């Protein structure tokens, strides 16, 4: 069956792509709200755009009322984000953070998620993450009314000491989207 995307709604296109482009790592984004609290939001349309400079992209569907996601508003205001790659053990917390809350309400506080500071110049991340990216706002690509594509420049990467070796070869149990469900990106035997 051929699906002409021009005849589908943004939500239908999202569903088609999310079921076809699998698995996708989850970006669990920490940003600073205006009131000083931490916004935590998961995004599965997340990828590397460029290596030099190191640019990552986040495709952000707008809120149900059509306004931009808190992550985008915070990135524009404060210019810094921390992007964690959650593990399978954090799946339920990630799902909690996907709930739409009013602007300025902290998912960390709302859902009892412990945070830790891995880099003093960037927002804290959920405790126990094994990989995190520390990024600065680059730009926003506005292709359509239903989504915003946020580009961030990657400045530093955290990898848990227990994972990393001198050759920078490592694998970990990253949580990923696979259609409607989640998968564990574990190494093959």
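Numbering (our numbering), first residue to last: 1 to 189. Glycine included, C-beta positions come from ideal geometry on N, C-alpha and C. Keep in mind it's a predicted model, so treat the numbers as computed, not measured.
Asked: Name the two residues that bound the continuous beta strand (DSSP E) containing residue 153.; Found: 147-159
Asked: Using the C-alpha atoms, what's the distance from residue 63 back to residue 99?; Found: 10 Å
Asked: Could you give the distance in angstroms between the alpha-carbon of residue 135 and the alpha-carbon of residue 2?; Found: 38 Å
Asked: Which value, in whole angstroms, describes the spacing of the CA atoms of residue 30 and residue 80?; Found: 9 Å
Asked: With distances taken from CA atoms, which of 45, 160 and 133 is nearest residue 26?; Found: 45
Asked: Hey, residue 137 and residue 75: beta-carbon distance below 8 Å or not?; Found: yes
Asked: Hey, quick one: how far does the beta strand (DSSP E) through residue 144 stretch, first residue to last?; Found: Unbroken run through residue 144: none, as it is neither H nor E.
Asked: Out of curiosity, what's the CA-to-CA distance linking residue 17 and residue 101?; Found: 25 Å
Asked: Here's the rule I'm using: 16 or more other beta-carbon atoms within 10 Å means buried, otherwise exposed. How should residue 39 be labelled?; Found: buried
Asked: Measuring straight from C-alpha to C-alpha, what distance separates residue 48 and residue 110?; Found: 30 Å
Asked: Mind checking which residues open and close the alpha helix (DSSP H) that includes residue 97?; Found: 91-97
Asked: Can you give the Cα-Cα distance for residue 163 and residue 87, rounded to whole angstroms?; Found: 13 Å
Asked: Which class does residue 108 belong to by DSSP, given the choice of helix, strand or coil?; Found: helix
Asked: What does the alpha-carbon distance come out to for the pair residue 113 and residue 93?; Found: 7 Å
Asked: Bridge partners for residue 59 per DSSP, in chain order?; Found: 149
Asked: Considering only the alpha carbon of each residue, which of 65, 156 and 41 lies closest to residue 96?; Found: 41
Asked: What's the call for residue 84, buried or exposed, on a 16-neighbour Cβ count within 10 Å?; Found: buried
Asked: Roughly how many whole angstroms lie between the Cα atoms of residue 78 and residue 32?; Found: 7 Å
Asked: Using DSSP's beta-bridge definition, name the partner residues of residue 116.; Found: 125
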